[in-house]
Every structure is written in structure tokens, then in C-alpha cells.
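**Q**
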Amino acid sequence: KEETKEETKEETKEEEKKEEKEEEQEEEQTTSSAPAVPEPEYTMETAERSKGGKRLKLEVKLPSVEYQKEIDLQLSKNKVICDVEGKYFLELDVNLKTNVPLKCKFLKKTKILKVHLELA
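The numbering of the sequence shown is the numbering used here, which starts it at 6 and goes up by one.
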């Protein structure tokens, strides 16, 4: 009888461990910040401004986008986020002087988003 009690305790412990691992894995999947949509192709280049300082020229290729209103562009002094719901997600770490773009335009023919930002 003692052996079966010990075996049952061990089995219960093993089952609890398995359940804990499964719960941890489920939490990792739901809290994962990795988006399910692809990152679009993009280019970044820095250039000197004629008024002094530097600017960042960002061009994002968005071939599946038809209209500018589909694009959610979020700017902060340290991040640029370009989100097209269900199609693309791009997050870049930057060092900007302000969160207001110098220039921002979506070209419908080429399907490229052009953003010019002032670097800190």
C-alpha cells in the first residue's frame, strides 16, 4: 500500500509539472509581442539638412496597400511604428529630435511611404 501511495504522489507531481509547463507555454504564445504579419521592406538613410542637423529618410515598401488611410504611422522620439492592419508591421528604434515628421507622403503608384524625420 505504501508503494502505491508513493507512486500516486509521484505521478501527481509529474502531472502538475506538465500542466505548469503547458500553462507557461500558452502564456508565452499569448504575450508574445511578435506580430503575425510580415515586416515590409524598407530603406533608411541619413543626410545633412541645409538648415543644419541631420535628417533620416525612411522609405517603406507597402505593395499590398491601396490607400494612405490604411497606414497607421506612430512616431515618438525613440520609435517609429508603421502598422497596416493585417498586412505589415514595422517597428524601428530611432533617436529623433521631435515626433513630428519633416515630410510624410504615400505614393500610390509605387506604393512607397516616404517619411523624413529630424534626428537628435
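Every residue, glycine too, gets a C-beta built ideally from N, C-alpha and C.
Given L78, which residues of its chain have a CB within under 6 Å of its CB, disregarding the five upstream and five downstream residues?
**A** As a working mapping, residue 78 is identified with position 73 in the sequence shown. Closer than 6 Å at Cβ, skipping near neighbours: C87.
**Q** To the nearest angstrom, how far is it from the Cα of V65 to the Cα of G58?
**A** Along the sequence shown, read from residue 1 onward, the residue named residue 65 stands at position 60. Along the sequence shown, read from residue 1 onward, the residue named residue 58 stands at position 53. C-alpha separation (whole angstroms): 23 Å.
**Q** What does DSSP give as the partner residues of R60 in its beta bridges?
**A** Counting from 1 along the sequence shown, the entry for residue 60 is found at position 55. The partner list for R60 (beta bridge, DSSP) reads A52, E123.
**Q** Cα separation between N100 and M49?
**A** Counted from its first residue, the sequence shown places residue 100 at position 95. Counted from its first residue, the sequence shown places residue 49 at position 44. Approximately 13 Å between the Cα atoms of the pair.
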